[in-house]
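Peer 1: This is the structure, below, for whatever I ask next.
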Amino acid sequence: MATKLAAECIFCKIIKGEIPSFKIHETAHSFAFFDIGPLSEGHALVIPKHHAEKMHELPDEFLADAMPVAKKIALAIGADNYNILQNNGRLAHQEVPHVHFHVIPKPNEEEGLTIGWPAKKADFDKLKELVSKVKI
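Quick note, the sequence shown lines up with residues 11 to 146 if you use our numbering.
Structure representation (C-alpha cells):
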C-alpha cells in the first residue's frame with residue numbers, strides 16, 4: 011500500500027521534512043527520531059509513513075516494519091531495560107493522532123516510563139463468555 015500522509019498532522023510534516031527532527035533511522039514504511047520531550051536519554055519515536063490515528067486503522071505492512079525499527083533503536087542506544095509504548099485514542103493517553111511507538115530506555119527507577127497497573131481479580135465466568143464472543 012502506498013504511503014498516505016495528512017496535511018495538518020505534525021508527524022506527517024516531520025516525515026515530509028516540513029518540521030525538523032533528530033532523525034535516527036528511516037525505512038520505506040517508518041521514520042524514527044528522538045523525542046524532544048524525553049522521559050530518559052535515548053527516548054525515541056517510531057512513526058509509520060502512513061497517516062492513521064489508531065493502530066487497527068494502519069495497514070499491516072506498516073505495522074510489520076515498526077517493531078524491527080524499534081528493536082534496532084533499543085540495541086543502538088544500548089538500553090538493557092526499556093519500554094515500547096503505543097497508545098490508541100485520547101482516553102488512552104494518545105497525544106498526537108498519528109500511530110506512533112515510543113522506545114523509552116529505563117536506566118534507573120527515576121528515569122523512563124512510570125506505570126501504575128491497577129490490576130483486578132478476574133471474573134472467570136465473564137472471561138469464558140468473552141472467549142466465546144471473540145473469534146479472530
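For every residue, glycine included, the Cβ atom is placed at its ideal position computed from N, Cα and C.
Quick one: is His66 buried, meaning 16 or more other Cβ sit within 10 Å of its Cβ, or exposed?
Peer 2: Reading the sequence shown from its first residue, position 56 is the one you call residue 66. So His66 ends up on the exposed side.
Peer 1: Quick one: using the 10 Å Cβ neighbour count with 16 as the cut-off for buried, is Leu101 buried or exposed?
Peer 2: For the purposes of this step, residue 101 is taken as the residue at position 91 of the sequence shown. So Leu101 counts as exposed.
Peer 1: Distance, Cα to Cα, Phe21 vs Trp127?
Peer 2: Here residue 21 is taken as the residue at index 11 of the sequence shown, counted from 1. Here residue 127 is taken as the residue at index 117 of the sequence shown, counted from 1. Taking the straight line joining both Cα atoms gives about 29 Å.
Peer 1: Output the boundary residues of the beta strand (DSSP E) element that contains Leu95.
Peer 2: For the purposes of this step, residue 95 is identified with residue 85 of the sequence shown, where counting begins at 1. Segment 92-95, the beta strand (DSSP E) holding Leu95.
Peer 1: Have a look at Asn129 and Glu119 and give me their C-alpha separation to the nearest angstrom.
Peer 2: Position 119 of the sequence shown, counted from the start, is the residue given in the question as residue 129. Position 109 of the sequence shown, counted from the start, is the residue given in the question as residue 119. Inspection of the sequence shows that residue 129 is occupied by Ala rather than by Asn. Approximately 21 Å, taken between the alpha carbons.
Peer 1: Residues in the same chain with beta-carbon distance under 6 Å from Cys19, minus the five sequence neighbours each way, listed in chain order, please.
Peer 2: As a first step, residue 19 is located in the sequence shown; it is residue number 9 there, counting from the start. So the list reads His61, His108, once near-sequence residues are dropped.
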